[in-house]
Structure formats: structure tokens, C-alpha cells
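*Asks:*
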Amino acid sequence: MLSAARTGGYTPVVVRIVTDSTADLTEEQQQAAGITVVPLNVHFGDQVFRDHVDLTGDEFFRRLKASSQLPRTSQPSVGVFEEAFKKLRAGGDEIVAVHLSSKVSGTYNSALMAAQAVGQEAIEVVDSLSTSMALGFMALEGAKLARAGTDRGAISARLRALVPKARVICVVDTLTYLERGGRIGKARALLGSLLNVKPILQLKDGEVVPLGRARGRPQALSRLVELLGRDGTVGQLAIMHGAAQADAAQLRNRVASSYPGLDILLTEIGAVLGTHTGPGVIGFTYLVT
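My numbering puts the last residue of the sequence shown at 303; the count rises by one with no breaks.
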């Protein structure tokens, strides 16, 4: 896409990619791809921390363990999104924003309202219906297309085409955090399971739903490996975890031989996702081809 410059000539329109902190992109990934990340918030009592900014995953889980009060989370305000969008638009750049599932957070709606206020004719907002690196992979794909000169409409169309290809499957140690945070959804059916039975969950159509259960963590991890890629060829893959680095590394070793051409990322979730999963969560986030 081209736009007229004041000189009467034409200059390429730059498209900027925006996402939120639940995409779990590292600072290096953000900078290398030129992605703007708007953080969600986590609240410990009266203290407010920006996800992945004021509080790393490790710091969060240490604080969670020491706290007698469960934290809560909040989406970025419309004003925070407006500020981010205006900063990018000031140079004439257009924007494609892709965000956490609207079915578990108001983040997408905040971004949409901000886009309408700033000028939606130059901003596209995409509901990923996903989170963690499944969302992160979408943002990275958008950034890749933007660097290649792809216009805003084509980038947003590509990201919307990726939405049904996103997968998140994971094991949690307990459903307590999801239940207390109000994000348990259809996984409520797994409540009251026998001692040491680990729930296996997936994000389907943007909502948390049960995928199965396993007795003990080793069996649960083996079941995750069995489930990986059963509903499509894996194109991009990350292993997400919350304070479970050793298990994540082991899981990567177990699946690496099955995906020799893939760079399998290890991703530590941030404070917002950790609030709802609790420590020990581990799983696969990926896109199918």
C-alpha cells in the first residue's frame, strides 16, 4: 500500500504489529520483530504490576507462593491502548493488533474501542481466540509480513486465517486457580477429581475446555506428547510452562526427534496467565499448517 507524501511523491506505508503481554514474547523477540506489546496487569492487594514488565514469571511465582492472598488480573485500559496506537500513528504508520481471546479477557474489546477512538480506518484489531506463544506466533507472522511490505488488509486477513490453526494444550497441577479466577469454563467438569489426577486442558474456540485427565504428572506429560499434532501437522511449536523449567526441557527433548525441522521454543508464561493456571502448568502452544 502507498500513500501520498507532502512532496507529491509516494512513500510506503509502514504497518506496525501490536499484541499484548499474554503472547509471552521475550524482549529480544519483540525488538527483533519490531512488535509493540501492551501489558496486562496483575494485582497483589493494592499493588499493581505490569505483566512481563514489572514482574517476570519467576518473580511472580515466588510472590504467589509467599502471598496469603490470591492475585487478580485486569486488562489494559482503553486509554493505555489509545496511547500506544497514537504513538505509532504519529508517524503515519498503520496498525494491525492481535490479542488474547475475547472469551477469557476484555483486552480485545479495549483495543477495539481504542482503535475506534484513534481512527479505525488505519487500524485492524484481530481476536486470536488464543494465548501464549500461539498468539505470539501470530504476532511474529504479522511482523514478518509487515517487513516484506504487505499491506494492513492482507496482514489482518492472514492472521484471521491463522486463528483456527492455533492450539494450546496443557496440564495444570490444580484447577483451583482457574476456578477462583473465573476462567474455568467447561473444565469445571473435572473439578472434584481423585487425588493426584492431573487435568489436561485445551483452549478451543477461545475457551478453556477439558481434554482429559491422567493419574500423576509423568502420565500427564506422556499424554500431552500423544496429543501433540493429532489434529493437524505442527508448523510452529513452543513449550509453555510456569515455574517448571526442568519438565519443559525434558518435554522438548521427548518431542524433538518427531519435529527435526522445527525450532521448539521454551516459553515461560507471565504473571497474568500464571494467576489463572498456578505454578507447575506445562503444555504445548502451536500452529498447525
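Glycine is no exception: its CB is placed at the ideal position from the N, C-alpha and C atoms.
Since we're looking at a predicted model, the values are computed, not measured.
Taking just the CA atoms, how far does Q89 sit from A203?
*Replies:* For A203, the predicted model reports a pLDDT of 46, less than 50, meaning its position is unreliable and no value from the coordinates is stated.
*Asks:* Can you find the residues in the same chain that come closer than 7 Å, C-beta to C-beta, to D68, ignoring five residues on each side of it along the sequence?
*Replies:* Closer than 7 Å at the Cβ level, and outside the excluded window around D68, lies no residue.
*Asks:* Can you tell me where the beta strand (DSSP E) holding A175 begins and where it ends?
*Replies:* Counting along the chain, A175 falls outside any beta strand (DSSP E), though it belongs to the alpha helix (DSSP H) covering R166 to L176.
*Asks:* Work out the CA separation of G167 and L102 for me, nearest whole Å.
*Replies:* Their backbone Cα atoms lie some 17 Å apart in a straight line.
*Asks:* Rounding to the nearest angstrom, what Cα-Cα distance links V269 and A252 in this structure?
*Replies:* Approximately 11 Å between the Cα atoms of the pair.
*Asks:* By DSSP's criteria, A228 is part of a beta bridge. Which residues make up the other side?
*Replies:* Answer is K212.
*Asks:* Under three-state DSSP, which class holds H330?
*Replies:* Outside the modelled stretch of the chain, which goes from 15 to 303, sits residue 330, for which no answer is possible.
*Asks:* Which of helix, strand or coil does DSSP assign to Q259?
*Replies:* Correct three-state label for Q259: helix.
*Asks:* When you compare the segment 232–240 with the segment 171–189, are there three or more beta-carbon pairs, one atom per stretch, that lie closer than 8 Å?
*Replies:* Counting Cβ pairs under 8 Å, three or more are found: they touch.
*Asks:* Relative to the alpha-carbon of A257, which residue among L84, Q61, I296 and V62 has its alpha-carbon at the smallest distance?
*Replies:* If we check each option's Cα against that of A257, I296 comes out closest.
*Asks:* To which residues of the same chain is V51 closer than 8 Å at the C-beta, ignoring the five residues directly before and after it?
*Replies:* Answer for V51: V32, T33, D34, S35, A37, L39, Q44 and H66, listed in chain order.
*Asks:* Would you say S146 and S124 are within 8 Å of each other, going by their C-beta atoms?
*Replies:* Not closer than 8 Å, so no.
*Asks:* Using a Cβ-Cβ cut-off of 6 Å (strictly less than) and excluding sequence neighbours within five positions of K179, which residues of its own chain qualify?
*Replies:* Contacts found: L301 and V302.
*Asks:* With a threshold of 8 Å on Cβ separation, who are the neighbours of L154 within its own chain once the five nearest residues in sequence on each side are excluded?
*Replies:* Cβ neighbours of L154 beyond the five flanking positions: L39, Q43, A47 and I49.
*Asks:* Under 6 Å Cβ to Cβ from L276, same chain only, skipping five residues before and after it: list those, please.
*Replies:* Contacts found: L251.
*Asks:* Could you pull out every residue in the same chain whose Cβ sits closer than 6 Å to the Cβ of S119, ignoring the five residues on either side in sequence?
*Replies:* Cβ within range, chain order: Q89.
*Asks:* Buried or exposed, going by whether 16 or more other CB atoms sit within 10 Å of the CB of D141?
*Replies:* Burial call: buried.
*Asks:* Alpha carbon to alpha carbon, what distance is there between T190 and A148?
*Replies:* If I take the Cα positions, the gap works out to 24 Å.
*Asks:* Just to confirm the assignment, what range does the beta strand (DSSP E) spanning G297 have?
*Replies:* Where G297 is concerned, the enclosing beta strand (DSSP E) stretches over I296 to V302.
*Asks:* Rounded to whole angstroms, what's the CA-CA distance from T21 to G163? Just pull it up for me.
*Replies:* Residue confidence is low: T21 scores 35 on pLDDT, short of 50, so the model does not pin down where it sits. Its coordinate-derived value is still stated next. One C-alpha to the other measures close to 22 Å.
*Asks:* Would L280 pass as a contact of A260 if the rule is Cβ separation under 8 Å?
*Replies:* Contact flag unset, no.
*Asks:* Identify the continuous beta strand (DSSP E) that holds R244 and give its terminal residues.
*Replies:* Element bounds for R244: n/a, residue is neither H nor E.
*Asks:* What three-state label does DSSP hand S271 in the structure shown?
*Replies:* Note: S271 maps to coil in three-state DSSP.
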